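Data first, discussion second: the structure below is written as structure tokens.
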DNA sequence: AAAAAGTCTACTAAATCTATATGCTTTGTA
DNA sequence: TACAAAGCATATAGATTTAGTAGACTTTTT
């Protein structure tokens with residue numbers, strides 16, 4: 002399961018992605034639109050800023066904006082920045098690997114082998130999907146929904 | 002991430018799967034072989050028994066065994082029995098669905114749409130993989146490893 | 001100067017997960 | 001028949017993680 006932090010980050014990035022190229026958007030605006038606790042969102046956006054994904058502007062008329070084109074930001078990147086492992090087992094994680102306590106030899110673990118496949122399938126989808134793609138999907142869904 | 006409970010269950014089922022058709026295996030044997038805390042494993046196997054997956058025999062010479070052929074037990078089934086959602090978002094889970102607190106309309110949520118795809122890919126792999134398949138994978142890994 | 005907005009750190013509350021403890025029941029066997 | 005082996009069942013404790021809150025500070029604009 003993704004953490005709330007990750008979900009909130011994705012939601013916020015979609016908002017910022019739609020606004021790419023425009024004037025900065027305030028935390029409080031994103032928070033109220035997306036029903037995210039403001040102080041929590043503050044921390045999250047700060048992390049994303051410190052990771053170089055967002056720029057910020059203080060003072061009146063300030064707020065946050067994307068540094069890069071939303072087409073250049075993949076969903077998997079956000080999961081890794083905000084949450085942690087994409088894999089379902091620590092011994093299978095590419096970026097948050099941890100040795101399996103109970104396995105004598107994880108090279109020959111059949112369970113692990115299955116979850117390597119799951120990880121690969123998941124990473125494939127999430128690395129091929131950008132914030133821009135999420136926005137496109139949303140548009141398509143809205144079109145078909147109101148028909 | 003899978004819980005320890007789920008991992009332990011899978012490990013235990015692999016042991017029991019290899020033994021399918023033989024005499025019952027004791028909790029303590031599985032626990033020591035697989036480095037699983039015995040009392041914890043007790044609870045887990047009890048759950049699997051109550052779910053109809055295992056039979057048990059009390060008293061001397063007792064233990065646990067699979068009720069069904071390991072080829073008939075899918076990995077996804079074990080996750081659902083022991084852990085919970087396979088999906089990465091509650092609003093996307095087939096068996097543990099929960100409404101998204103922050104979404105006004107989840108039918109048109111682009112983020113959700115992406116994680117439906119991820120869920121489908123994961124469920125496909127894990128429902129096509131049985132305990133027998135895990136055992137086969139293990140055998141293949143061992144063969145290639147010792148070469 | 002004042003207000004708007006982000007920055008930073010610390011803390012707390014709640015939930016969940018992992019594991020342990022204790023006593024009970026059933027079954028086989030000496 | 002007694003005893004030991006093994007599972008059954010429930011309660012509880014400890015640890016960890018997550019989610020959210022608080023408060024004081026800095027920068028920028030008007």
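Chains as they are written, first to last, in my numbering: chain A, 2 to 148; chain B, 2 to 148. Just so it is clear, CB atoms sit at the ideal spot from N, CA and C, and this is done for glycine as well. Since the structure is predicted, the reported quantities are computational estimates derived from the model, not experimental observations.
N-terminal and C-terminal residue of the alpha helix (DSSP H) that residue i is part of
i, result
"residue 49/B", "39-51"
"residue 18/B", "5-19"
"residue 111/B", "111-129"
"residue 142/A", "132-147"
"residue 82/B", "76-83"
Closest Cα partner of residue i within the set the options
i, options, result
"residue 10/A", "112/A, 44/A, 29/A and 88/A", "44/A"
"residue 16/B", "70/B, 60/B and 119/B", "70/B"
"residue 36/B", "122/A, 106/A and 147/A", "106/A"
"residue 85/A", "75/A, 96/A and 144/A", "96/A"
"residue 59/B", "72/B, 34/B, 24/B and 73/B", "24/B"
Span separating the alpha-carbon of residue i from that of residue j
i, j, result
"residue 38/B", "residue 30/B", "11 Å"
"residue 54/B", "residue 131/B", "13 Å"
"residue 64/B", "residue 124/B", "31 Å"
"residue 40/B", "residue 148/B", "38 Å"
"residue 46/A", "residue 12/A", "11 Å"
"residue 52/A", "residue 145/B", "41 Å"
"residue 75/B", "residue 114/A", "15 Å"
"residue 103/A", "residue 5/B", "10 Å"
"residue 34/A", "residue 87/A", "28 Å"
"residue 101/B", "residue 101/A", "33 Å"
CB of residue i within 7 Å of CB of residue j, strictly
i, j, result
"residue 142/B", "residue 83/A", "no"
"residue 93/A", "residue 117/A", "yes"
"residue 26/A", "residue 42/A", "no"
"residue 89/A", "residue 3/B", "yes"
"residue 78/A", "residue 91/A", "no"
"residue 111/B", "residue 138/A", "yes"
"residue 61/B", "residue 50/B", "no"
"residue 122/B", "residue 122/A", "yes"
"residue 21/B", "residue 80/B", "no"
Under 8 Å by beta carbon: chain B residues contacting residue i
i, result
"residue 115/A", "76, 126, 127, 130, 134, 135 and 138"
"residue 108/A", "142 and 146"
"residue 35/A", "103"
"residue 15/A", "111 and 112"
Under 8 Å from the C-beta of residue i: neighbouring residues of chain A
i, result
"residue 73/B", "Under the 8 Å cutoff, chain A gives no residues; its nearest Cβ is about 17 Å from residue 73/B."
"residue 12/B", "103 and 112"
Closer than 7 Å at the beta carbon, the chain B residues around residue i
i, result
"residue 32/A", "Ordered by position in chain B, no residue passes the 7 Å Cβ test against residue 32/A, which lies about 10 Å from the chain."
"residue 118/A", "126"
The beta strand (DSSP E) enclosing residue i, as first and last residue numbers
i, result
"residue 57/A", "55-58"
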